[in-house]
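Reading through the structure tokens given below for one structure.
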Amino acid sequence: VDTAGKIKEPLLRLTQLWRAYDARSASGQYALRSVNVLFGQGPLQAPSVFNFFSPFYAPPGEIRDRGLVAPELQLATEFQNTLHTNLMFLLTFSWNSENAANLDPDLVYIDMAEEVAIAGDVDALIDRVAEKLLAGQMSPTLRAEMQRILTLVSATDVVLRAAEAVYLVVTSPEFAYQR
28 VDTAGKIKEP LLRLTQLWRA YDARSASGQY ALRSVNVLFG QGPLQAPSVF
78 NFFSPFYAPP GEIRDRGLVA PELQLATEFQ NTLHTNLMFL LTFSWNSENA
128 ANLDPDLVYI DMAEEVAIAG DVDALIDRVA EKLLAGQMSP TLRAEMQRIL
178 TLVSATDVVL RAAEAVYLVV TSPEFAYQR
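Take the position in the sequence shown, starting the count at 1, then add 27; the result is the number in our numbering.
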């Protein structure tokens, strides 16, 4: 069992997506409200000097059975995971450069123009998203699943196909895992 990595905190997953896709708002503001609810943590709100989770936390199951700890998983509740997945859905399908003109000027959106431009080619699209979000390291399993799903989206609906590709990666375990 590989014990060298950890699960990235939800806020770090969001900022990674923002950096990879040149996130911005029309106003230049980065209005992100209710951070403590969305991510289970907020600026200057850590409950202890150990941050937002106990250094001794071990979730039930194999991790605890092996005598290991995974403090960052203390934030990975069903509620928090659902909120995070929903936020990623909004960012990829609605809060993107293709819809920027219709968004609140303070709303941060991601720029998917490069992905939209190549979305007619499923393999090129997968390669581009993998390079931006996974440093080019995508498992054959995730690649095959993305190919299967993306070919179901019409090649003429390039915005939907691009958004789906980004969403599939940012909600994958591979994106959440930091080595």
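Even for Gly, the Cβ is constructed at its ideal location relative to N, Cα and C.
1. When the Cα of residue 198 is compared with those of 112, 183, 66, which residue comes out closest?
2. What's the C-alpha gap between residue 128 and residue 30?
3. For the segment 166-183 against the segment 131-149, are there 3 or more C-beta pairs whose distance is under 8 Å?
4. Here's the rule: buried if 16 or more other CB atoms are within 10 angstroms of the residue's CB, otherwise exposed. What is residue 209?
5. Mind reading off the beta-carbon distance from residue 165 to residue 201? Whole number of angstroms is fine, and I expect it under 8 Å.
6. What are the start and end residues of each continuous alpha helix (DSSP H) run of 4 or more residues lying completely inside the segment 131-194, in chain order?
7. DSSP beta-bridge partners for residue 78?
8. Given this structure, state the Cα-to-Cα distance separating residue 158 from residue 175, to the nearest angstrom.
9. Between the Cα of residue 68 and the Cα atoms of 97, 82, 90, 37, which residue gives the shortest distance?
10. Could you spell out the range, first to last residue, of the alpha helix (DSSP H) harbouring residue 64?
11. By the 10 Å Cβ neighbour count, where 16 or more other Cβ atoms means buried, how is residue 229 classified, buried or exposed?
12. Buried or exposed for residue 105, going by 16 or more other Cβ atoms inside 10 Å?
13. Kindly indicate which three-state DSSP category residue 107 falls into: helix, strand or coil?
14. CB residue 125 to CB residue 115, shorter than 8 Å?
15. Where does residue 56 fall in DSSP's three states?
16. If distances are taken between C-alpha atoms only, which option among 52, 153, 160 comes closest to residue 39?
17. If you reduce the DSSP assignment to three classes, tell me which class residue 93 lands in.
18. Can you grab the Cα-Cα spacing for the pair residue 51 / residue 108, in whole Å?
The answer reads as follows:
1. 112
2. 45 Å
3. yes
4. Since the displayed the chain opens at 28 and closes at 206, residue 209 lies outside it and no answer follows.
5. 7 Å
6. 140-145, 149-161, 167-177
7. 75
8. 19 Å
9. 37
10. 62-66
11. Within the shown structure, residues of the chain are numbered from 28 to 206, placing residue 229 beyond reach of any answer.
12. exposed
13. helix
14. no
15. coil
16. 160
17. coil
18. 24 Å
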